[in-house]
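Chemist: Pasting a structure below so you can have a look.
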Amino acid sequence: MQRWRGLEDVPGDWGRSVVTIGSYDGVHRGHQLIMGRAVQRARELGLPSVVVTFDPHPSEVVRPGSHPPLLAAHHRRAELIAELGVDALLILPFTSEFSKLTPSEFIRTVLVDGLHAKLVVEGPNFRFGHRAAGDVDFLSALGLKYDYDLEVVDLFVRGEAGGGEPFSSTLTRRLVAEGDVEGAGEILGRPHRVEGVVVRGAQRGRELGYPTANVETVPHTAIPADGVYAGWLHVAGEAMPAAISVGTNPTFDGTARTVEAYAIDRVDLDLYGLHVAVDFVAYLRGMEKFDTIDALLERMADDVKRARELVDVTASQS
Numbered sequence: 001m002q003r004w005r006g007l008e009d010v011p012g013d014w015g016r017s018v019v020t021i022g023s024y025d026g027v028h029r030g031h032q033l034i035m036g037r038a039v040q041r042a043r044e045l046g047l048p049s050v051v052v053t054f055d056p057h058p059s060e061v062v063r064p065g066s067h068p069p070l071l072a073a074h075h076r077r078a079e080l081i082a083e084l085g086v087d088a089l090l091i092l093p094f095t096s097e098f099s100k101l102t103p104s105e106f107i108r109t110v111l112v113d114g115l116h117a118k119l120v121v122e123g124p125n126f127r128f129g130h131r132a133a134g135d136v137d138f139l140s141a142l143g144l145k146y147d148y149d150l151e152v153v154d155l156f157v158r159g160e161a162g163g164g165e166p167f168s169s170t171l172t173r174r175l176v177a178e179g180d181v182e183g184a185g186e187i188l189g190r191p192h193r194v195e196g197v198v199v200r201g202a203q204r205g206r207e208l209g210y211p212t213a214n215v216e217t218v219p220h221t222a223i224p225a226d227g228v229y230a231g232w233l234h235v236a237g238e239a240m241p242a243a244i245s246v247g248t249n250p251t252f253d254g255t256a257r258t259v260e261a262y263a264i265d266r267v268d269l270d271l272y273g274l275h276v277a278v279d280f281v282a283y284l285r286g287m288e289k290f291d292t293i294d295a296l297l298e299r300m301a302d303d304v305k306r307a308r309e310l311v312d313v314t315a316s317q318s
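In terms of the UniProt record's numbering, the sequence shown opens at residue 1 and continues consecutively.
Structure follows, in structure tokens:
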């Protein structure tokens with residue numbers, strides 16, 4: 001998959017293409033429907049498919065300080081989009097100047113002059129241009145002027161997550177924030193992932209016999225609610241079953257909120273300075289303050305046992 005940052009990176013000889021535009025944070029199952037349809041139609045037309053997204057999230061520019069928690073780091077989002085068979089990813093720097101483009105200017109600048117769109121594929125709630133004034137009806141109307149077609153795909157997948165609400169990035173963020181990582185995983189079609197570099201912490205886990213990777217997460221990461229989880233620790237292409245703790249370590253009167261992952265039965269790992277990924281599969285319990293170290297160790301042993309069992313079950317089902 002080709003990756004471009006800004007319209008100036010699009011090759012000068014780029015021809016007609018099939019385009020879809022959106023923030024696409026998380027690349028959840030609704031997003032996958034839209035992008036999958038764009039890829040399918042592109043192949044039928046013998047044209048390349050292009051996904052257009054933004055950095056930073058538009059809300060941060062329009063309403064500074066309102067950047068939503070991100071469900072996928074940008075490089076991870078690119079990986080997921082590439083897995084869908086997309087030919088090119090265009091990341092548009094979302095600046096104050098760009099945000100002021102009218103819907104007509106947006107269409108001409110991005111879709112017509114930039115990508116020479118033959119077909120645009122979007123969800124029914126797609127909005128664009130200054131103050132989000134453009135919608136799919138306007139997009140369709142200008143297709144007559146600029147010689148492109150529009151196909152609208154219903155992205156409203158439903159399931160058990162969120163009590164049957166339509167799948168969306170907003171719902172996914174809410175479930176993650178509530179600790180419902182299983183519900184979030186249903187929407188995403190995979191476990192929710194947090195990434196970052198392993199840094200030195202207080203090293204209490206090592207002293208207690210459960211050495212953990214203390215993950216310094218990427219800015220704006222959607223971090224699950226405080227508690228203990230079962231999941232996976234990914235390091236250099238290896239996936240290891242893990243028990244994961246999110247919180248402030250109240251037993252030791254901690255104040256900094258951390259994400260720590262113990263690779264089950266692995267005490268030989270030296271991960272400092274490495275970039276790792278943590279997948280959250282299931283919620284085990286809330287964060288607790290224990291009166292004694294022995295009580296903490298007893299509960300940690302039980303957490304590890306349950307985490308091992310849950311990860312084994314999910315691995316056998318995949």
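No residue lacks a Cβ here, since even glycine has one placed at the ideal position from N, Cα and C.
Can you tell me the Cα-Cα spacing of MET1 and GLY85, whole angstroms?
Modeler: Going by the C-alpha atoms only, they are around 8 Å apart.
Chemist: Would you kindly work out how many angstroms separate the C-alpha atoms of THR95 and ILE21, rounded to a whole number?
Modeler: Answer to the nearest angstrom: the Cα atoms are 16 Å apart.
Chemist: Which one or two residues does DSSP pair with TYR283 in a beta bridge?
Modeler: According to DSSP, TYR283 bridges with TYR229.
Chemist: Using DSSP with H/G/I as helix, E/B as strand and the rest coil, what is THR248?
Modeler: In the structure shown, THR248 sits in coil (DSSP, three-state: anything other than H, G, I, E or B).
Chemist: Quick one, which of ARG257, ILE223, VAL52 and ALA295 has its alpha-carbon nearest VAL121's?
Modeler: Out of ARG257, ILE223, VAL52 and ALA295, VAL52 has the C-alpha closest to the C-alpha of VAL121.
Chemist: Would you report the Cα separation of PHE54 and LEU142, rounded to the nearest angstrom?
Modeler: So the alpha carbons of these two residues sit roughly 22 Å apart.
Chemist: Could you give the DSSP three-state label for ARG3: helix, strand or coil?
Modeler: Strand, per DSSP.
Chemist: Residues in its own chain within less than 6 Å of HIS31 by CB, not counting five upstream and five downstream?
Modeler: The answer, listed in chain order, is TYR24.
Chemist: Should ASN214 go down as buried or exposed, given a rule of 16 or more other Cβ atoms within 10 Å for buried?
Modeler: The residue in question, ASN214, is buried, as its Cβ has 16 or more Cβ neighbours within 10 Å.
Chemist: Run through DSSP, which three-state label would PHE98 get?
Modeler: Note: PHE98 maps to helix in three-state DSSP.
Chemist: Could you have a look at LEU142 and say whether DSSP puts it in helix, strand or coil?
Modeler: DSSP places LEU142 in helix when its eight states are reduced to three.
Chemist: Assign LEU175 to one of three DSSP states: helix, strand, or coil.
Modeler: Correct three-state label for LEU175: helix.
Chemist: Assuming VAL281 contacts GLY247 under a Cβ cut-off of 8 Å, what Cβ separation, rounded to an integer in Å, is found between them?
Modeler: Not a contact, Cβ separation roughly 18 Å.
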